[in-house]
Amino acid sequence: MILGIDVGSTTTKMVLMEDDRIVWYKVKDIGVVIEEDILLKMVKEIEQKYPIDKIIATGYGRHKISFADKVVPEVIALGKGARYFFNDADGVVDIGGQDTKVLKINKDGKVVDFILSDKCAAGTGKFLEKALDILKINKNEINKYKSDNIAKISSMCAVFAESEIISLLSKKIPKEDILMGVYDSIINRIIPMVNKLKLQNIVFSGGVAKNKVLVEMFEKKLNKKLLIPEEPQIVCCVGAILV
Amino acid sequence: MQLKAIEKLMQKFANRKEQLYKQKEEGRKVFGMFCAYVPIEIILAANAIPVGLCGGKNDTIPIAEEDLPRNLCPLIKSSYGFKKAKSCPYFEASDIVIGETTCEGKKKMFELMERLVPMHIMHLPHMKDEDSLKIWIKEVEKLKELVEKETGNKITEEKLKDAVDKVNKLRELFYKLYELRKNKPVPIKGLDVLKLFQFAYLLDIDDTIEVLEDLIKELEERVKKGEGFEGKRILITGCPMVAGNTKIVELVEEVGGVVVGEESCTGTRFFENFVEGYSIEDIAKRYFKIPCACRFKNDERIENIKRLVKELDVDGVVYYTLQCCHTFNIEGTKVEEALKEEGIPIIRIETDYSESDREQLKTRLEAFIEMI
Ligand SMILES: Nc1ncnc2c1ncn2[C@@H]1O[C@H](COP(=O)(O)OP(=O)(O)O)[C@@H](O)[C@H]1O
Ligand code: SF4
Ligand code: SF4
Ligand SMILES: [Mg+2]
Chain A
83 MILGIDVGST TTKMVLMEDD RIVWYKVKDI GVVIEEDILL KMVKEIEQKY
133 PIDKIIATGY GRHKISFADK VVPEVIALGK GARYFFNDAD GVVDIGGQDT
183 KVLKINKDGK VVDFILSDKC AAGTGKFLEK ALDILKINKN EINKYKSDNI
233 AKISSMCAVF AESEIISLLS KKIPKEDILM GVYDSIINRI IPMVNKLKLQ
283 NIVFSGGVAK NKVLVEMFEK KLNKKLLIPE EPQIVCCVGA ILV
Chain B
-4 MQLKAIEKLM QKFANRKEQL YKQKEEGRKV FGMFCAYVPI EIILAANAIP
46 VGLCGGKNDT IPIAEEDLPR NLCPLIKSSY GFKKAKSCPY FEASDIVIGE
96 TTCEGKKKMF ELMERLVPMH IMHLPHMKDE DSLKIWIKEV EKLKELVEKE
146 TGNKITEEKL KDAVDKVNKL RELFYKLYEL RKNKPVPIKG LDVLKLFQFA
196 YLLDIDDTIE VLEDLIKELE ERVKKGEGFE GKRILITGCP MVAGNTKIVE
246 LVEEVGGVVV GEESCTGTRF FENFVEGYSI EDIAKRYFKI PCACRFKNDE
296 RIENIKRLVK ELDVDGVVYY TLQCCHTFNI EGTKVEEALK EEGIPIIRIE
346 TDYSESDREQ LKTRLEAFIE MI
């Protein structure tokens, strides 16, 4: 069996596959700061249950895994992973903790073009987390907040957007309206990238894709359904195994 | 295995400061310059020494930001900072500095720099029509007068001819180097070539010619033996990468690429096109052709990139812009469209002189190289 390890900026994902079938997986809430010893210990535990033939590393912290047999760049892995879950996909939007990746892929899941936004936290999971912090909303209850009144957050920069959220709060704008505004600003950053690459069947992956309300808003704006696997966080990890 | 000629280059560079100050003591004048548009033939013909002063280091940016805005191209800030901090030996050796009306940022920076060092500004017209060429020819004539006045040496026809022949010889050697880079595997790494271009702006021209002659012989040997570097063949195009700035080439070559060409002022814009004739007009014409993004409608650059991709059998193009360089950044849209139309993979990279984005850039470049 092949074990994939995706050490992301915010979370670590592990997937075990046998002949293109997912046998087991896990998402751990610690990212690139994870110690290699801990990873090794986790691998040992898995090995007690399953035979591991090979270990593939990917993700922002991929080079930290010195015991990996192979290291795969995230962008390349994502393309393969997307095509594994949806065989008609021609594009991927991945919103992770610290960056957003938009990919165009061909029928083999090979990446033919891509855009990364990694210069600013705006439009990433980190920004969303920060907003939840300010709004005092628990991450697990996020899908309970929904509203048709979208508060306007105009700033393109995460730091300014945060101060905008604070000022909206002080104006007694309801939390859910502000949260919709946060979603809106994340989506508005991604749509031009999707348009630039002319994507049609888009796989939405990464932690932020777990956000039901955001997904609904995104689909409405794009005027089409997004393809989202049951566990959108492991797409990259699965792809790394398949490269 | 390090090339002997590159070792020699490093050695010469290490000695250059001392050599330059000695040449100065002997009475030769030093002309600082900031651009590939300055016709060095004129300077050489007056037995003076041209040195490129563009700054490629982060260290001098904070002091520059005391006078200059933060959101300005790092090359401009770094250059100004070197003068303000008096920390560049080449700058301090310069008796006069030649500037040009190229991009807005440089032009306005010169207005501040003029207060720190004697300067002469050449008017480079942004249009490429006949009337503009006439202005430029006049500017080169004016430069000749200035150089004669500063050095006290008359630029005779014969001296000008010698200088033209010498610089053309340098150009010919760079053409040969590019010819050798067409080979697979490519006999030299991009990082070595970049250093060569960077130091070519600083070294004595005779030394650069000597190094290049050695290098070409050595590379011919390598080619004969089939030695060299494999990897995805990358062409870099965009802003100059001046001494002190090697980040992108390093990264490309770290993640499995090998740079086989550079459409840049530390690249083809430095040597392409010979001076055809020995008059001031002939010299002016050669420089007027440099396809820099600060010019209006610069489609020759796009054609050049496409040609280089073919000639050097390039797998992918890295479009390199320094942060806040509007000219190259905006022109990138046209270049990107033109290359995509031909199915040539291109990635656009924007960065400054800091090291903070190294990992992010590496991720991008790694994915790009894996993709092509
Ligand atoms: N259950 C969830 N609901 C909503 N958002 C989530 C959930 N889990 C994670 N996220 C978001 O996903 C981000 C992490 O995504 P992930 O794809 O794992 O990032 P990375 O690969 O960069 O580590 C977090 O910053 C968080 O905003
Ligand atoms: S990029 Fe343009 S302005 Fe800059 S050195 Fe080259 S020719 Fe001069
Ligand atoms: S890199 Fe761009 S902004 Fe900087 S000096 Fe050159 S043309 Fe001007
Ligand atoms: Mg990720």
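So the protein lines, in turn, are chains A and B. Each step along the first sequence adds one to the number in this note's numbering, with nothing skipped, and position 115 is 197. Each step along the second sequence adds one to the number in this note's numbering, with nothing skipped, and position 159 is 154. Built from N, CA and C at the ideal position, the CB exists for glycine as well.
Taken from the Cβ of A:LEU121, every heavy atom of ligand 1 lies 7 Å or farther away.
Residue-level contact by beta carbon fails for A:PRO274 and chain B, as no gap is shorter than 8 Å.
Comparing alpha-carbon positions, the option among B:ILE285, B:GLU20 and B:GLU213 lying closest to B:HIS121 turns out to be B:ILE285. At a cut-off of 8 Å between C-beta atoms, A:PHE196 counts as an interface residue with respect to chain B.
Just measuring C-alpha positions, the residue of B:LYS179, B:GLY239 and B:ASP160 sitting nearest B:PHE192 is B:GLY239. Relative to ligand 2, B:PRO235 has its C-beta within less than 7 Å of a heavy atom.
Boundaries of the alpha helix (DSSP H) around B:ARG281: 275 to 283. DSSP, reduced to helix, strand and coil, places B:ALA195 within a helical segment of the structure shown.
The three-state reading of DSSP puts B:GLU145 in helix, counting H, G and I together. Identification of chain B residues near A:ILE158 by a Cβ-Cβ cut-off of 8 Å yields ALA362, GLU365 and MET366, ordered along the chain. Taking C-beta separations shorter than 6 Å and ignoring five residues to either side along the sequence, the partners of A:PHE168 in its chain run VAL285 and LEU309, following chain order.
Between the alpha carbons of A:ASP181 and A:ILE255 lies a distance of about 29 Å. B:ILE367 has its alpha-carbon roughly 39 Å from the corresponding atom of A:LYS131.
Taking C-alpha positions only, A:ASP259 is separated from A:ILE235 by approximately 11 Å.
Within the same chain, Cβ atoms closer than 7 Å to the Cβ of B:CYS30 are found at GLU95 and THR97, the five residues on either side in sequence being excluded. The beta carbons of B:LEU63 and B:GLY50 sit no closer together than 8 Å. Along the stretch 197 to 222 of chain A, going in chain order, the ones with a CB nearer than 8 Å to a CB of chain B are LEU198, ASP200 and LYS201. Counting along the chain, the unbroken beta strand (DSSP E) around A:LEU98 starts and ends at 94 to 100. Taking C-beta atoms under 8 Å as the contact rule, B:GLY233 and B:TYR348 fail to qualify, at a distance of about 15 Å.
Residues GLY311, VAL312, VAL313, TYR314, ARG359, LEU360 and PHE363 of the same chain have their beta carbon placed closer than 8 Å to that of B:ILE342, with the five preceding and five following residues left out of the count. One alpha carbon belongs to A:LEU98, the other to B:ARG302, and they sit about 47 Å apart. With fewer than 16 other beta carbons inside 10 angstroms of its own, B:ARG65 counts as exposed. Counted as a single uninterrupted DSSP element, the stretch harbouring B:THR346 is not any alpha helix (DSSP H) but the beta strand (DSSP E) occupying residues 341 to 346. A:GLY90 has its Cβ nearer than 7 Å to a heavy atom of ligand 4. Put simply, the backbone Cα of A:LEU250 is about 16 Å away from that of A:CYS239.
Taking 4 residues as the shortest admissible run, the stretch 153 to 236 of chain B contains the following complete alpha helix (DSSP H) segments, listed from N- to C-terminal end: 185 to 195 and 200 to 220. Looking only at A:ARG103, A:GLU211 and A:ILE197, the smallest Cα-Cα distance to A:ASN222 is reached by A:GLU211. For A:VAL276, the enclosing alpha helix (DSSP H) starts and ends at 257 to 278. If you ignore the 5 residues before and after B:VAL309, its C-beta comes within less than 6 Å of the C-beta of ARG228 and LEU230, all in its own chain and listed in chain order. Fully enclosed alpha helix (DSSP H) runs of no fewer than 4 residues occupy 118 to 131 of the stretch 106 to 131 of chain A, in order along the chain. In the structure shown, A:ALA139 adopts extended strand secondary structure according to DSSP, grouped into three states. Setting aside the 5 residues that flank it on each side, B:VAL92 is surrounded in the same chain by GLY27, VAL112 and MET114, each with a C-beta closer than 6 Å to its C-beta; the list follows chain order. Taking 8 Å as the CB threshold, A:VAL193 lines the interface with chain B. B:GLY76 and B:ILE56 do touch by the CB rule: their CB atoms are close to 6 Å apart, below 8 Å. DSSP, reduced to helix, strand and coil, places A:SER237 outside both helices and strands of the structure shown, so it counts as coil.
For B:LEU189 against B:THR263, the beta-carbon gap comes to about 13 Å, at or over 8 Å, which does not count as contact.
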